[in-house]
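Data first, discussion second: the structure below is written as structure tokens.
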Amino acid sequence: MSDLLAGYLADEEALRRIADRSYRHVNHFDKIVLVDSGDPRGYRLTLHAWCPPYSEQELRDELIHDHRFSFWSTILTGRLTSENFARPEPDGAARGPVTAFRQYRYSPEKAGVSTQANFYRFVDEAELEMTGETVEEQGNAYHLEYHRIHRVVLPRESMVCTLVLRGPRERDFSNVYNTSYPSTDTQSANVMFTVEELAGKLRRLRQELLTPGDGRTA
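For the sequence shown, UniProt numbering gives the first residue as 1, with consecutive numbering after it.
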């Protein structure tokens with residue numbers, strides 16, 4: 001992986017293409033899109049990097065969601081901790097704490113392969129129960145189906161970075177759950193990285209990969 005990053009860093013045109021479709025995600029990680037054909041039936045390869053420190057407000061954000069696609073993820077650095085959720089069963093036999101949220105349907109607003117903005121359509125109030133926690137150590141890989149509801153717990157100390165292979169799109173929207181958005185439709189914009197910003201992020205990640213350690217600190 002470090003050789004691949006070195007290749008990107010030595011290729012100004014590749015850096016420009018990647019920067020034009022990469023941005024700071026609303027869920028507080030750097031989304032670096034390495035490969036994207038633009039075909040919803042195809043695959044996309046991205047780096048997701050969570051880089052502390054985070055503010056107290058960011059740490060309190062709920063960031064609960066599912067996806068439009070299933071994906072495979074490998075932990076390159078750090079330890080990835082996720083909390084898993086589900087809609088309560090109709091019989092009311094909850095397996096864990098149940099919390100009320102507002103539910104939104106998320107759809108990206110695209111310009112080519114760049115996600116320029118995020119549109120959230122308010123759906124209704126919704127209850128979720130927390131069903132458990134998953135911890136993935138550096139070097140682990142896992143698969144997550146598109147309908148699984150989860151949130152990534154923001155790391156407090158060291159960078160966590162994953163290499164994500166997204167499968168073909170399985171629906172046109174994902175669901176987002178939180179208590180901070182209004183009970184109306186809402187929208188936010190993404191700002192793409194400059195070439196200089198992207199290069200700095202890739203250099204930092206490459207240094208993390210080349211630094212000996214067990215990757216367990218999060």
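We put the CB at the ideal spot given by N, CA and C, even for glycine. Values in this document were obtained by computation on a predicted structure and should not be read as measured data.
Check whether the region 61-71 and the region 159-179 touch, using three or more Cβ-Cβ pairs below 8 Å as the test. Contact holds between the region 61-71 and the region 159-179, because three or more Cβ pairs, one in each stretch, are under 8 Å apart.
Residue from Phe71, Arg16, Ala6, Glu125 whose Cα sits closest to the Cα of Glu197: Stepping through the sequence shown from its first residue, residue 197 is reached at position 197. Considering only Phe71, Arg16, Ala6, Glu125, the residue with the shortest C-alpha distance to Glu197 is Arg16.
What does a CB cutoff of less than 8 Å around His28 pick up in its chain, not counting 5 residues either side in sequence? To locate residue 28, count along the sequence shown from 1; it is residue 28. Within the same chain, Trp50, Tyr54, Glu58, Asp61, Leu63, Leu154 come within 8 Å of His28 by CB-CB distance, once the 5 residues on both sides are set aside.
Using the rule of at least 16 other Cβ atoms within 10 Å of the residue's Cβ for burial, across every protein chain shown, is Val160 buried or exposed? On the sequence shown, position 160 is the one that residue 160 refers to. Counting every other CB atom within 10 Å of its CB across the protein chains shown gives Val160 a total of 16 or more, marking it as buried.
Across the region 197-210 and the region 111-123, are there enough close Cβ pairs to call them in contact, namely three or more that are closer than 8 Å? No, the region 197-210 does not touch the region 111-123.
So, at 6 Å on beta carbons, what are the nonlocal neighbours of Gly215 in its own chain, with the 5 sequence-adjacent residues on each side left out? Taking the first residue of the sequence shown as 1, we reach residue 215 at position 215. Legend: pLDDT at Gly215 = 45, less than 50; position of this residue unreliable, value from coordinates given subsequently. Result list for Gly215: Thr77, Gly78, Gln138, in chain order.
Nearest-angstrom Cα separation, counted from Ala189 out to Val123: Position 123 of the sequence shown, counting from 1, holds the residue named residue 123. Position 189 of the sequence shown, counting from 1, holds the residue named residue 189. In a straight line, the C-alpha of Val123 is about 21 Å away from that of Ala189.
Counting C-beta neighbours from all protein chains within 10 Å, is the total for Gln103 16 or more, i.e. buried, or is it exposed? Position 103 of the sequence shown, counting from 1, holds the residue named residue 103. Only buried fits Gln103, as 16 or more other CB atoms lie within 10 angstroms of its CB.
Going by other Cβ atoms of all chains shown within 10 Å of its Cβ, with 16 needed for buried, is Asp11 buried or exposed? Indexing the sequence shown from 1 puts residue 11 at position 11. Its Cβ having fewer than 16 others within 10 Å, Asp11 is exposed.
Tell whether a beta-carbon distance below 8 Å holds between Ala126 and Ser73. Locating residue 126 in the sequence shown gives position 126, where the first residue counts as 1. Locating residue 73 in the sequence shown gives position 73, where the first residue counts as 1. Result no, Cβ atoms of Ala126 and Ser73 do not sit closer than 8 Å.
Bounding residues of the beta strand (DSSP E) (the contiguous stretch that carries Gln103): Within the sequence shown, residue 103 is the residue found at index 103, counting from 1. For Gln103, the uninterrupted beta strand (DSSP E) run begins and ends at 98-111, by DSSP.
Would you please state the rounded distance, in angstroms, between the beta carbons of Arg41 and Val33? I believe it to be under 8 Å. Taking the sequence shown and counting its residues from 1, one reaches residue 41 at position 41. Taking the sequence shown and counting its residues from 1, one reaches residue 33 at position 33. Contact check for Arg41 and Val33: beta-carbon distance about 17 Å, past the 8 Å limit, so the pair fails to qualify.
Which residues in the same chain have their Cβ closer than 7 Å to the Cβ of Thr186, if we skip the five residues on either side of it in sequence? Translated into the one-based positions of the sequence shown, residue 186 becomes position 186. Spatial neighbours of Thr186 in its own chain (CB-CB distance under 7 Å, excluding positions within 5 residues in sequence) are listed in chain order as Tyr120.
Report the CB separation of Ala19 from Met192 in whole angstroms; it is logged as a contact under 8 Å. Translated into the one-based positions of the sequence shown, residue 19 becomes position 19. Translated into the one-based positions of the sequence shown, residue 192 becomes position 192. Confirmed, Cβ separation roughly 6 Å.
By DSSP, does Arg204 sit in helix, in strand, or in coil? Position 204 of the sequence shown, counted from the start, is the residue given in the question as residue 204. Residue state, collapsed to three classes: helix.
Neighbourhood of His143 by C-beta distance below 6 Å, restricted to the same chain and skipping five residues each side: On the sequence shown, position 143 is the one that residue 143 refers to. Cβ neighbours of His143 within its own chain (closer than 6 Å, five residues either side excluded): Trp72.
Could you tell me the alpha carbon to alpha carbon distance between Arg166 and Pro97, rounded to whole angstroms? On the sequence shown, position 166 is the one that residue 166 refers to. On the sequence shown, position 97 is the one that residue 97 refers to. Those two C-alpha atoms are separated by around 31 Å.
Tyr181 by DSSP, collapsed to three states: which one? For the purposes of this step, residue 181 is taken as residue 181 along the sequence shown, with counting starting at 1. Under the three-state reduction of DSSP, Tyr181 is assigned to coil, being neither helix nor strand.
Assumed close pair Ser70, Glu133 - CB separation to whole angstroms, cut-off 8 Å: Position 70 of the sequence shown, counting from 1, holds the residue named residue 70. Position 133 of the sequence shown, counting from 1, holds the residue named residue 133. Going by Cβ atoms, the distance from Ser70 to Glu133 rounds to 21 Å, so no, they are not a contact pair.
Just the Cα atoms here: how many angstroms apart are Ser107 and Asp91? As a working mapping, residue 107 is identified with position 107 in the sequence shown. As a working mapping, residue 91 is identified with position 91 in the sequence shown. Each residue's Cα considered, the two are about 32 Å apart.
Please state if the CB of Ile149 and the CB of Phe85 are separated by a distance shorter than 8 Å. Position 85 of the sequence shown, counted from the start, is the residue given in the question as residue 85. Position 149 of the sequence shown, counted from the start, is the residue given in the question as residue 149. Contact: yes.
Own chain partners of Val135 with C-beta closer than 6 Å, once the 5 adjacent residues on each side are dropped: Residue mapping note: residue 135 aligns to position 135 of the sequence shown, counting from 1. In the same chain as Val135, and ignoring 5 residues on each side of it, the C-beta atoms closer than 6 Å to its own belong to Thr81, in chain order.
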